[in-house]
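Written below as structure tokens is the structure these notes are about.
Number of protein chains: 2
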Amino acid sequence: MLDRRSVVPLYYQIQQFLLDQIHSGAFGPGEAILSEKEISARMGVSRMTVRQALKSLCSQGVLYSQRGKGTFVSATKLEKNFRNVLSFSEEMSKLGSRPSSKVICFEVAQPDIKGTEALKMKAADQVFILRRLRLADGIPMAIECSHIPVHFCPDLLESFDPATSLYETLAKQYGIHIAVTEEEAEAAVAKAEESRLLKIGKGSPVFHFVRTSYLRDGKPVEYVNSTYRGDRYRIVNRLTTETGKAVSR
Amino acid sequence: MLDRRSVVPLYYQIQQFLLDQIHSGAFGPGEAILSEKEISARMGVSRMTVRQALKSLCSQGVLYSQRGKGTFVSATKLEKNFRNVLSFSEEMSKLGSRPSSKVICFEVAQPDIKGTEALKMKAADQVFILRRLRLADGIPMAIECSHIPVHFCPDLLESFDPATSLYETLAKQYGIHIAVTEEEAEAAVAKAEESRLLKIGKGSPVFHFVRTSYLRDGKPVEYVNSTYRGDRYRIVNRLTTETGKAVSR
DNA sequence: AAGTGGTCTAGACCACTCG
DNA sequence: GAGTGGTCTAGACCACTTG
Numbered sequence: 012m013l014d015r016r017s018v019v020p021l022y023y024q025i026q027q028f029l030l031d032q033i034h035s036g037a038f039g040p041g042e043a044i045l046s047e048k049e050i051s052a053r054m055g056v057s058r059m060t061v062r063q064a065l066k067s068l069c070s071q072g073v074l075y076s077q078r079g080k081g082t083f084v085s086a087t088k089l090e091k092n093f094r095n096v097l098s099f100s101e102e103m104s105k106l107g108s109r110p111s112s113k114v115i116c117f118e119v120a121q122p123d124i125k126g127t128e129a130l131k132m133k134a135a136d137q138v139f140i141l142r143r144l145r146l147a148d149g150i151p152m153a154i155e156c157s158h159i160p161v162h163f164c165p166d167l168l169e170s171f172d173p174a175t176s177l178y179e180t181l182a183k184q185y186g187i188h189i190a191v192t193e194e195e196a197e198a199a200v201a202k203a204e205e206s207r208l209l210k211i212g213k214g215s216p217v218f219h220f221v222r223t224s225y226l227r228d229g230k231p232v233e234y235v236n237s238t239y240r241g242d243r244y245r246i247v248n249r250l251t252t253e254t255g256k257a258v259s260r
Numbered sequence: 012m013l014d015r016r017s018v019v020p021l022y023y024q025i026q027q028f029l030l031d032q033i034h035s036g037a038f039g040p041g042e043a044i045l046s047e048k049e050i051s052a053r054m055g056v057s058r059m060t061v062r063q064a065l066k067s068l069c070s071q072g073v074l075y076s077q078r079g080k081g082t083f084v085s086a087t088k089l090e091k092n093f094r095n096v097l098s099f100s101e102e103m104s105k106l107g108s109r110p111s112s113k114v115i116c117f118e119v120a121q122p123d124i125k126g127t128e129a130l131k132m133k134a135a136d137q138v139f140i141l142r143r144l145r146l147a148d149g150i151p152m153a154i155e156c157s158h159i160p161v162h163f164c165p166d167l168l169e170s171f172d173p174a175t176s177l178y179e180t181l182a183k184q185y186g187i188h189i190a191v192t193e194e195e196a197e198a199a200v201a202k203a204e205e206s207r208l209l210k211i212g213k214g215s216p217v218f219h220f221v222r223t224s225y226l227r228d229g230k231p232v233e234y235v236n237s238t239y240r241g242d243r244y245r246i247v248n249r250l251t252t253e254t255g256k257a258v259s260r
């Protein structure tokens, strides 16, 4: 069952094993799984290792624990796809649409004040500005305008093929992996240029997004302004109660 | 420093201590904190206990760890308030506004099809429907329409004082604590009734929200339809990469 | 080679729930 | 009182980073 010679940690193997069991229906929603002691005995691992696996599944919302009672399978639909850090390409692929894009402009310039602030840059620092029309199955979905400080990827103008994914290029060519993005969304109505590019009526509802993306150490790498069609896009979130607190109930 | 007689767990005391240190500036953004061994030695606790505290702070985004190097303070602004499960009252208070509301209707009825589905009810089951105009500092902000199955709180019509918080009543009177809410937001333009209630022009941008809230065991307890003013409300999110995976780097 | 975090063990005591 | 999860210990070995 468990492979102790594998490079995959035991707790992760246990996690996957339990996930398989749950998906196969061995434990239905609301039902208790085996106790920590049982699992550790049957699998021949220490209870702490089992707990590490269970804790992770609890934080993912697959299980929940009740002191003195047991650990139970959540009833929430697991298949629902909530948003993580996703590029437009990834998000559309996940939804089953074919993403593409048209470059409107791609240049080196100075960002506006908000961009400079968000990227924590000095006033003179420059950024790549990539403005694209984003399409899903050939239908215009959004206008996206990315700002990336030049020092992260000095030769981006040459190395980036606009037909490919920007995030992929950043990851593969420069080792830039985004860990967190902060996002603000506003409801607005389409202005003249927006309605022309998105092929919707002037005054149609749209989302305005401002996103700032950070590396794991908290350094900002990208600042994005975008406009999404309100009739073909929706924001799906999952909100939870705070974590990191001592359990009280 | 640590109180071993306290009911507060040691790992939580350590967590708070580190948070205090970080906020006081003892460790700046990007700087390494003490090593796990150092902390455990200085505080007289085992390393596993220190790790439990650090893991929690890492998952909150306050710290990040690098194998072989150390544990570092993230550079992200800590003061920014991202959304957890929050009621309108809580959210507005957090933003510094005084929340209030006017009840438009409060009755027992059958929900529409979407509500029945979201709440996983049988077609004949009934819900409380509470429709309210929500105000911040006396200014209309949103129209909210809550649906709650009657069996959760049979005498809500008597026990709920519309001048108070619905969530507080649910928690205190019935022990109902929401753990997760799923939310979908669309951009739209105000219809006649909405613009009248919210005192905005017809055709002004608004958000349409559909929210379903769940208990810890995954049972749905509340289904809410709401319309927020687009000119006075914005959605702020923090998106992260997936969790629960074995570290690869 | 020395130091770091990642994983794991084999115990322990506690608070809690339930019959 | 028996069983559960929550907390904690004092070690251990490993992979990784850095000088």
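Going down the list, the protein sequences come from chains A and B. Sequential numbering from 12 applies to the first sequence in the numbering used here. Sequential numbering from 12 applies to the second sequence in the numbering used here. Positions of the beta carbon are idealized from the N, C-alpha and C atoms, including for glycine.
Find the residues of chain B that neighbour residue i, judging by a C-beta separation of less than 9 angstroms, and give them in chain order.
i        : result
Gly41/A  : Asp228, Gly229, Lys230
Val200/A : Ala198, Val200, Gly214, Ser215, Pro216, Gly241
Kindly list, in the order they appear in chain A, the residues whose Cβ is closer than 9 angstroms to that of residue i.
i        : result
Val138/B : Here the premise fails: no neighbours, minimum Cβ distance about 19 angstroms.
Tyr75/B  : Ala190, Arg227, Asp228, Gly229
Counting only Cβ pairs nearer than 8 angstroms, list the residues of chain B close to residue i.
i        : result
Arg245/A : Glu195, Ala196, Glu197
Would you give the residue range spanned by the beta strand (DSSP E) that residue i belongs to?
i        : result
Ser100/A : Careful: Ser100/A lies outside any beta strand (DSSP E), inside the alpha helix (DSSP H) at 99–105.
Phe28/A  : No beta strand (DSSP E) contains Phe28/A, which is instead part of the alpha helix (DSSP H) from 21–34.
Leu74/A  : 74–77
Which residue marks the beginning of the alpha helix (DSSP H) containing residue i, and which one marks its end?
i        : result
Thr60/A  : 58–70
Arg207/B : 203–209
Ile187/A : No alpha helix (DSSP H) holds Ile187/A; DSSP gives it neither H nor E.
Thr252/B : It is not in any alpha helix (DSSP H) - Thr252/B carries neither H nor E in the DSSP assignment.
Ile50/A  : 47–54
Glu169/A : 167–170
DSSP puts residue i in a beta bridge; with which residues?
i        : result
Cys116/A : Arg142/A
Thr238/A : Ile154/A, His219/A
Pro122/B : None; Pro122/B has no bridge partner.
Thr82/B  : Ser76/B
Tyr225/B : Val191/B, Pro231/B
Glu197/B : His219/B
Pro160/A : Val138/A
Pro40/B  : Looking at the DSSP assignment, Pro40/B forms no beta bridge with any residue, so it has no partner.
Pro110/B : Ala147/B
Using a C-beta to C-beta distance shorter than 7 angstroms, which residues of chain A count as neighbours of residue i?
i        : result
Asn248/B : Glu194, Asn248
Ala86/B  : Asp228, Gly229, Lys230
Gly72/B  : Val191
Name the chain A residues whose beta carbon is nearer than 8 angstroms to that of residue i?
i       : result
Phe83/B : Asp228
What I want to know is whether the C-beta of residue i ends up closer than 8 angstroms to one or more non-hydrogen atoms of the ligand ATP.
i       : result
Ala52/B : As for the ligand ATP, it is missing from this structure, which has no ligand bound.
Along the stretch 146–172 of chain B, what residues have a CB closer than 8 angstroms to any CB found in chain A? Answer in chain order: no residues at all.
The stretch 189–202 of chain B contacting the stretch 220–227 of chain B, beta-carbon criterion three pairs below 8 angstroms: Result yes; three or more Cβ-Cβ pairs closer than 8 angstroms.
Taking contact to mean at least 3 C-beta pairs separated by less than 8 angstroms, is the stretch 137–149 of chain B in contact with the stretch 108–124 of chain B? With a cut-off of 8 angstroms on Cβ pairs, the stretch 137–149 of chain B is in contact with the stretch 108–124 of chain B, counting three or more such pairs.
Inter-stretch contact (C-beta, 8 angstroms, three-pair minimum) for the stretch 171–184 of chain B and the stretch 196–211 of chain B: Touching, no, given that fewer than three Cβ pairs across the two stretches are closer than 8 angstroms.
Which residues, taken in chain order from the stretch 212–225 of chain A, show a beta carbon closer than 7 angstroms to some beta carbon of chain B? Taking 7 angstroms as the Cβ-Cβ cut-off against chain B, the residues of the stretch 212–225 of chain A that qualify are Gly214, Pro216, Val217, Phe218, Tyr225.
Counting Cβ pairs closer than 8 angstroms, one from the stretch 62–81 of chain A and one from the stretch 16–35 of chain A, do we hit at least three? By the Cβ criterion, the stretch 62–81 of chain A is in contact with the stretch 16–35 of chain A, since at least three pairs of Cβ atoms, one from each stretch, lie closer than 8 angstroms.
Count Cβ pairs between the stretch 75–84 of chain A and the stretch 44–58 of chain A that sit closer than 8 angstroms; are there 3 or more? The stretch 75–84 of chain A, when compared against the stretch 44–58 of chain A, does touch it at the 8 angstroms Cβ threshold.
Count the CB pairs spanning the stretch 237–246 of chain B and the stretch 151–168 of chain B that are closer than 8 angstroms, and state whether there are at least three. Yes, the stretch 237–246 of chain B touches the stretch 151–168 of chain B.
I'd like to know if the stretch 158–172 of chain B and the stretch 131–143 of chain B are in contact, where contact means that at least 3 CB-CB pairs between them fall below 8 angstroms. They touch, by the three-pair rule.
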